[in-house]
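Per this note's numbering: the sequence shown ends with 282, consecutive numbering throughout.
All C-beta atoms, glycine included, are put in the ideal place defined by N, C-alpha and C.
Only one structure is covered here, and it is reproduced in the block below.
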Amino acid sequence: MELVLNFSAPQELNNLKEAGSLEKYTWIYGVNSSDELKLDLDTWIISSKEQEKSAHITQWKVNQQEHSMILEEDSNESYQEIDLSFAVAMLGQLVSREDLIRYLKQLKKEFAKSKEDFEKEENGEKKETEVNS
Numbered sequence: 150m151e152l153v154l155n156f157s158a159p160q161e162l163n164n165l166k167e168a169g170s171l172e173k174y175t176w177i178y179g180v181n182s183s184d185e186l187k188l189d190l191d192t193w194i195i196s197s198k199e200q201e202k203s204a205h206i207t208q209w210k211v212n213q214q215e216h217s218m219i220l221e222e223d224s225n226e227s228y229q230e231i232d233l234s235f236a237v238a239m240l241g242q243l244v245s246r247e248d249l250i251r252y253l254k255q256l257k258k259e260f261a262k263s264k265e266d267f268e269k270e271e272n273g274e275k276k277e278t279e280v281n282s
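Encoded structure:
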């Protein structure tokens with residue numbers, strides 16, 4: 150199932166005083182774009198059709214003030230990595246309560262797998278460096 154990313158930034162939820170004033174935004178690729186982002190819940194791939202970019206949810210960075218995301222390769226200082234808490238807050242606004250529990254279990258696995266892959270990659274690089282020294 151593919152969903153348009155239309156939700157409030159977790160930062161805004163934290164600052165919320167009245168639940169009635171919650172505004173959802175359609176998240177876009179970069180700041181100067183109108184290209185909406187979509188999340189495929191089967192593969193955890195976020196994609197931008199117009200920009201022809203797609204990657205696993207853990208490879209994206211977010212700018213909560215601008216309601217935009219970019220890939221790590223296009224990164225700048227105003228963007229931060231998507232972490233599990235951001236992804237959970239996003240998902241909680243995108244799916245029904247019934248689906249949320251199932252998707253949360255999958256989401257936790259995706260972030261754990263991504264962290265393991267990163268650590269393996271980092272350790273592999275260290276080993277190569279040590280061998281070449």
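{"Query": "Supposed close pair Leu162, Thr175 - CB separation, criterion 8 Å", "Result": "Wrong, their Cβ atoms sit about 17 Å apart, outside the cutoff."}
{"Query": "Beta bridge counterpart(s) of Tyr178 as assigned by DSSP", "Result": "Met218"}
{"Query": "Opening and closing residue of the beta strand (DSSP E) in which Asn211 lies", "Result": "Looking at the sequence provided, one finds Val at residue 211 rather than Asn. It spans 209-212 - the beta strand (DSSP E) in which Val211 sits, taken as one unbroken run."}
{"Query": "Check: Leu190 C-beta below 7 Å from any heavy atom of the ligand MG", "Result": "The ligand MG is not part of the structure shown, which contains no ligands of any sort."}
{"Query": "Cβ pair Trp193, Ile206 closer than 8 Å", "Result": "yes"}
{"Query": "Segments of 4+ residues assigned as alpha helix (DSSP H) that fall wholly inside the segment 227-254", "Result": "233-243"}
{"Query": "Candidates Trp209, Ser157, Leu186, Ser217: closest to Glu199 by CA position", "Result": "Leu186"}
{"Query": "Classification of Ala236 by the beta-carbon crowding that lies within 10 angstroms, buried from 16 upward", "Result": "buried"}
{"Query": "Rounded separation between Ile231 and Gly241 - CA only", "Result": "15 Å"}
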